[in-house]
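Colleague:
Protein chains: 2
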Amino acid sequence: MKNTAQERDVFVAIADPTRRKLIRLLADSDELPLYEITTHFEMGRTAVSKHLTILKEADLVTNHKKGRETRYQLNPAPLKEVKEWLSFYEDFWNDRAALLKDILEE
Amino acid sequence: MKNTAQERDVFVAIADPTRRKLIRLLADSDELPLYEITTHFEMGRTAVSKHLTILKEADLVTNHKKGRETRYQLNPAPLKEVKEWLSFYEDFWNDRAALLKDILEE
DNA sequence: TAGATGCGACACCATTTGGTATCGTAATTA
DNA sequence: TAATTACGATACCAAATGGTGTCGCATCTA
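Chains as they are written, first to last, in this note's numbering: chain R, 9 to 114; chain F, 9 to 114.
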């Protein structure tokens, strides 16, 4: 049996502007079927579906079937990994900024 | 005259694990020449150089020549864009977390 | 029941990505 | 001066990415 829950890097998932738009779209509504989502983009249903699959593999969206529709929902939790990665450099650029400030004030 | 400062998406720049490792490496030291950087990776100098070029196009690193060396330095500033993008969803997952907590406590 | 709708699964294609090896040149060192 | 080192530039390649169109099936609806 193959592992259907293919792993996917969150950083890769959010690298694409279409996928960031998808994330935002799903953040603004509770859940949406594929055909609805597709109307917000200038590409075919298949392409949108592929992007959603990538987001799903990164665990950023979940989906369930409702009749003949497939409803998609956002799961923002994995974004915490990005936040944690960033926090290290946040300190860093604050230090840099502070350092620069010191130099300018001399 | 062509614009040498090619634009590059910060999100794309940090999507690659090698490039995140590069960022971290440069964060830990003030500046490093290419040959030095290359010793930390299991790939050729050309490949590392390409990754550094992408980081440079995203303005995440700067470089200057010092004798025959090319020294690379980190510029964490563009990461702020990622932070700002994230901040929206940070609120969002806090709300979600709070909501879930409410449901569980009923 | 017949048609329309929503979607997954493919097959396909152009472009990008991430790596290689090689060559030429400028700077350092013996 | 001669050899070595550091690098940019280029050509090349396999695999991944981001899109298309089509087919078939399940589910609504008239």
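By construction, the Cβ of each residue, glycine as well, lies at the ideal position given by its N, Cα and C atoms.
Every value quoted in this text rests on a predicted model; they were computed, and no experiment measured them.
By the three-class DSSP mapping on this structure, what secondary structure does asparagine 2 of chain F have?
Modeller: Residue 2 of chain F cannot be examined here, being either before or after the span of chain F that is shown, 9 to 114.
Colleague: Would you list, in chain order, the members of the segment 44-62 of chain R that have their beta-carbon closer than 8 Å to a beta-carbon of chain F?
Modeller: Result list empty, no residue passes.
Colleague: Residues of the segment 74-92 of chain R in Cβ contact with chain F at a cutoff of 9 Å, in chain order, please.
Modeller: Per Cβ criterion, the list reads Leu82, Asn83, Pro84, Ala85, Leu87, Lys88, Val90 and Lys91.
Colleague: Is DSSP giving arginine 16 of chain F helix, strand or coil here?
Modeller: Walking along the second sequence from the start, residue 16 of chain F turns up at place 8. Arginine 16 of chain F falls in the coil class under three-state DSSP.
Colleague: By a C-beta neighbour count over all protein chains shown, 10 Å radius and 16 as the cutoff for buried, is histidine 48 of chain R buried or exposed?
Modeller: The residue labelled residue 48 of chain R in the question sits at position 40 within the first sequence. Histidine 48 of chain R should be labelled exposed.
Colleague: Could you please tell me which residues of the segment 23-35 of chain R, in chain order, have their CB closer than 9 Å to any CB of chain F?
Modeller: Going along the segment 23-35 of chain R in chain order, one finds Ala23, Asp24, Pro25, Arg28, Ile31, Arg32 and Ala35 with a Cβ nearer than 9 Å to chain F.
Colleague: Just to confirm my understanding: we take glutamate 89 of chain R, look at its own chain, exclude 5 residues before and 5 after, and list those with CB closer than 6 Å. What are they?
Modeller: As a first step, residue 89 of chain R is located in the first sequence; it is residue number 81 there, counting from the start. For glutamate 89 of chain R, where only same-chain residues beyond five positions count, the Cβ hits under 6 Å are Val18.
Colleague: Answer with buried or exposed for alanine 55 of chain R, where buried requires no fewer than 16 other C-beta atoms within 10 angstroms of its C-beta.
Modeller: In the first sequence, counting from the first residue as 1, residue 55 of chain R sits at position 47. Alanine 55 of chain R is exposed by the Cβ-count criterion.
Colleague: Measure the beta-carbon distance from leucine 82 of chain R to isoleucine 31 of chain R and round it to whole angstroms, keeping in mind my assumption that it falls under 8 Å.
Modeller: Along the first sequence, one-based indexing puts residue 82 of chain R at 74. Along the first sequence, one-based indexing puts residue 31 of chain R at 23. Right, their Cβ atoms sit about 6 Å apart.
Colleague: Using a cut-off of 7 Å between C-beta atoms, extract the partners of valine 169 of chain R located in chain F.
Modeller: Missing from the structure shown is residue 169 of chain R; chain R here goes from 9 to 114 and no further.
Colleague: Closer than 8 Å, CB to CB, is leucine 94 of chain F near chain R or not?
Modeller: Position 86 of the second sequence, counting from 1, holds the residue named residue 94 of chain F. Answer yes: the Cβ-Cβ gap between leucine 94 of chain F and chain R drops below 8 Å somewhere.
Colleague: Strictly below 7 Å CB to CB, what residues from chain F border glutamate 65 of chain R?
Modeller: One-based indexing of the first sequence puts residue 65 of chain R at position 57. Within chain F, no residue comes near glutamate 65 of chain R; the closest Cβ sits about 14 Å away, beyond 7 Å.
Colleague: What does glutamate 98 of chain R touch in chain F if you count any residue whose Cβ is under 7 Å from its own?
Modeller: Residue 98 of chain R sits at position 90 when you count from the first residue of the first sequence. Result: Lys91.
Colleague: Assuming leucine 94 of chain F and leucine 87 of chain R make a contact with CB atoms under 8 Å, what is their CB distance in whole Å?
Modeller: Taking the second sequence and counting its residues from 1, one reaches residue 94 of chain F at position 86. Taking the first sequence and counting its residues from 1, one reaches residue 87 of chain R at position 79. That pair is a contact at about 6 Å.
Colleague: Taking only three categories from DSSP, how would you classify proline 25 of chain R?
Modeller: Counting from one through the first sequence, the residue named residue 25 of chain R turns up at place 17. Proline 25 of chain R falls in the helix class under three-state DSSP.
Colleague: Short check: CB of glutamine 14 of chain F to CB of glutamate 98 of chain F, under 8 Å?
Modeller: Working through the second sequence from its first residue, we reach residue 14 of chain F at position 6. Working through the second sequence from its first residue, we reach residue 98 of chain F at position 90. Contact: no.
Colleague: For tyrosine 80 of chain R, count neighbouring C-beta atoms within 10 Å of its own C-beta (all shown protein chains included) and say buried if the count is 16 or more, exposed if not.
Modeller: Residue mapping note: residue 80 of chain R aligns to position 72 of the first sequence, counting from 1. With 16 or more other Cβ atoms within 10 Å, it is buried.
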